[in-house]
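Structure, as structure tokens:
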Amino acid sequence: MESAPFPRGKWDLTQDAFDLLLAQLDTDRQEASKKYEFLRRKLVKFFEWRGCNFPEDLADDTINRVARKLEAGEEVRDLAAYSAGVARLVFLESLRTRKQEEEVLRAAPRSLAEPVDESDGRAECLDCCMRELSPANSQLIMEYYQENQRARIEARQQLAVRLGIPLNALRIRAHRIRVRLEGCVEECMRRRSSERNRLASRITLK
Amino acid sequence: MDSDEERQMTHYLLGQLAEHEEAEIERRYLADDTLFEELLAIEDDLHDAYARDELSGPDREAFEHRLLTLPRQKDKQELVETFHRHVLRAASPARRASKLELLLGFVRAQRKVFLPVFSAAVAILIVGVWWVGHRGVRPGTSNSVPGQGAETQGQKPSPSPESPGATFAVTLVPGLARGGEGSEAVVIPAETSRVRFEARFEGQYPSYRALLETVEGRQVWSEGNLQAETFPGGLRIFLDVSSSLLSPGDYILSVQGVPATGRPQTVADYTFRVAKR
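These protein sequences, in sequence, are chains A and B.
Letter by letter, the first sequence follows residues 243 to 448 of this note's numbering.
Letter by letter, the second sequence follows residues 179 to 455 of this note's numbering.
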């Protein structure tokens, strides 16, 4: 990485810079878009796991800085390693503003509305989403997360043998099913919430 | 990934590594998609272990500090806990691995009678008989019944504090997973008017709420604004439930800690089967 300072302050990602970033990720545009999304997801988790309050903002800031460097003609051989370095820099900078962020979050007005207990809705959504899984995936996830700790370890080993995959691969497979379930439940909860709001506004109008 | 590496990744997620070790892992997963997914899966497992109360004290604290601060992390945890209940419900009663240890004492009138069915349970338990039931327990007036039921929902226990009949005591201890076949049954004698659950757990909160559901998910009883009392084994709350609410079947009792701000967190789930005699 060159010693030139990274640009700070607000800078919007230009189309040219974005195109350069995509080209760096893959020569095929569609593939590059997928890789971009995955890189962004990794960066969001990077900041989340570092305990940052606004991981998406910091991930976008990192990507913007990388793209800007590319636009400025910087030669980047290993984009992942380069992004890791920039992310680390952004993280260290964020530490300076973290105290201010936390004060802002504390001072933010809280909703006056009573918090809605969504546990029943979540359970219904989960039931619904479980039914949307294929029988094989549903069985896998139920076996993988069964209640008893000892039985769970044994069940995972047996599952891995049955599927002919190593335990790590099984874990990733279970994780992917979980991601799908989480997305489905999130979507279901959003639908329920907008339905509730719609009904509430209809009652208010009456 | 071998077990050492997995441990290292777990420490990373819990924020327990030195700065240079963290940086090294970050450099690796930003370049390696498989490693990143493995980390996500380990994060899932941590959420799961937290929901099941399987993390040690320091890890639990680190988890709360590192992985339970953002709203979406809290949402994720709530979903994990919902899923955990779903798994409990879906498991067949015969194979359900209970987190329950039962100590049952039944006292009828002035007599103490231990039902034969409980003698086997008592033999494998680590806690002893602690309570003697009596007629006409007054919910909220006895020192040993800290919960006042300020936000009781659903069906309430018998409203009459003077209601006659026997009280049946059940001690619930989480975290002692029992892997055997079959499940312990709480056999409630016909004369019983009230079942007093002593739910033992760890996890200090300003107050607690308890929720009793059938395994099919039907809410049977709940009570809020409960205060825990400390005892040498941790914390406990007492819950008096009218026996008329407990039809034969399988139940899940959840105890949630209610923080000063934010959403309640499950501190313990107990499963048991009710039978009547």
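Ideal Cβ positions, reconstructed from N, Cα and C, are used throughout, including at glycine.
Where residue i falls, given that 16 or more other Cβ within 10 Å makes a residue buried
i: residue 421 of chain B; result: buried
i: residue 328 of chain A; result: buried
i: residue 449 of chain A; result: Look at the range of chain A in this structure, 243 to 448, and you will see that residue 449 of chain A is not part of it.
i: residue 396 of chain A; result: exposed
i: residue 243 of chain B; result: exposed
i: residue 346 of chain A; result: exposed
i: residue 287 of chain A; result: buried
i: residue 345 of chain B; result: buried
i: residue 183 of chain B; result: exposed
i: residue 254 of chain B; result: buried
i: residue 359 of chain B; result: Any reading at residue 359 of chain B needs caution, since the residue's pLDDT is 36, under 50, leaving its predicted position unreliable; the model's value is listed next. Counting Cβ neighbours within 10 Å, residue 359 of chain B comes out exposed, since fewer than 16 surround it.
i: residue 344 of chain A; result: exposed
i: residue 409 of chain B; result: exposed
i: residue 257 of chain B; result: buried
Interface residues of chain B facing residue i [CB-CB closer than 7 Å]
i: residue 414 of chain A; result: 215, 216 and 219
i: residue 278 of chain A; result: Neighbours of residue 278 of chain A on chain B: none; closest Cβ ~13 Å, over 7 Å.
Residue i: CB within 7 Å of a non-hydrogen atom of the ligand PLP
i: residue 429 of chain A; result: Looking at this structure, you won't find the ligand PLP or any other ligand, since it has none at all.
Per-residue contacts from residue i into chain A (C-beta, under 8 Å)
i: residue 268 of chain B; result: 384
i: residue 204 of chain B; result: 288, 326, 329 and 330
i: residue 191 of chain B; result: 291
i: residue 244 of chain B; result: 291 and 293
Proximal chain A residues relative to residue i, where beta-carbon distance stays under 7 Å
i: residue 248 of chain B; result: 290
i: residue 209 of chain B; result: 322 and 323
i: residue 232 of chain B; result: 391
i: residue 201 of chain B; result: 330
i: residue 226 of chain B; result: 387
i: residue 222 of chain B; result: 417 and 420
Nearest-angstrom beta carbon gap, residue j and residue i [assumed within contact, 8 Å]
i: residue 416 of chain A; j: residue 386 of chain A; result: 4 Å
i: residue 388 of chain B; j: residue 425 of chain B; result: About 19 Å separates the two Cβ atoms, so there is no contact after all.
i: residue 368 of chain A; j: residue 427 of chain A; result: 6 Å
i: residue 282 of chain A; j: residue 305 of chain A; result: 6 Å
i: residue 237 of chain B; j: residue 446 of chain B; result: Residue 237 of chain B to residue 446 of chain B, Cβ: 17 Å. No contact.
i: residue 260 of chain A; j: residue 294 of chain A; result: Going by Cβ atoms, the distance from residue 260 of chain A to residue 294 of chain A rounds to 24 Å, so no, they are not a contact pair.
i: residue 360 of chain A; j: residue 431 of chain A; result: 7 Å
Cβ of residue i within 8 Å of any chain B Cβ
i: residue 400 of chain A; result: no
i: residue 406 of chain A; result: no
i: residue 319 of chain A; result: no
i: residue 420 of chain A; result: yes
i: residue 403 of chain A; result: no
i: residue 243 of chain A; result: Note that residue 243 of chain A scores 42 on pLDDT, short of 50, meaning its location in the model is unreliable; the coordinates nonetheless yield the value given after this. No, residue 243 of chain A does not count as interfacial toward chain B.
i: residue 306 of chain A; result: no
Closer than 8 Å to chain A by CB, residue i
i: residue 350 of chain B; result: no
i: residue 264 of chain B; result: yes
i: residue 327 of chain B; result: Any answer about residue 327 of chain B is weak, because its pLDDT of 32 lies below 50 and its placement is not dependable; what the coordinates show is given next. For residue 327 of chain B, the answer is no, since every Cβ of chain A falls outside 8 Å of its Cβ.
i: residue 260 of chain B; result: yes
i: residue 431 of chain B; result: no
i: residue 237 of chain B; result: no
Per-residue contacts from residue i into chain B (C-beta, under 8 Å)
i: residue 424 of chain A; result: 254 and 257
i: residue 361 of chain A; result: 256 and 260
i: residue 284 of chain A; result: 207, 208 and 214
Residue-chain proximity (residue i, chain E), Cβ-Cβ < 8 Å
i: residue 407 of chain B; result: Of the protein chains in the structure, A and B, none is chain E.
**Item:** Contacting positions in the region 364 to 378 of chain A - beta carbon closer than 8 Å to chain B
**Value:** 364, 365, 368, 369 and 372
**Message:** Please list, in chain order, the residues of the region 408 to 431 of chain B that have any C-beta partner in chain A closer than 8 Å.
**Reply:** none
**Prompt:** For the region 427 to 446 of chain A, which residues have a beta carbon sitting closer than 7 Å to at least one beta carbon of chain B?
**Reply:** 427
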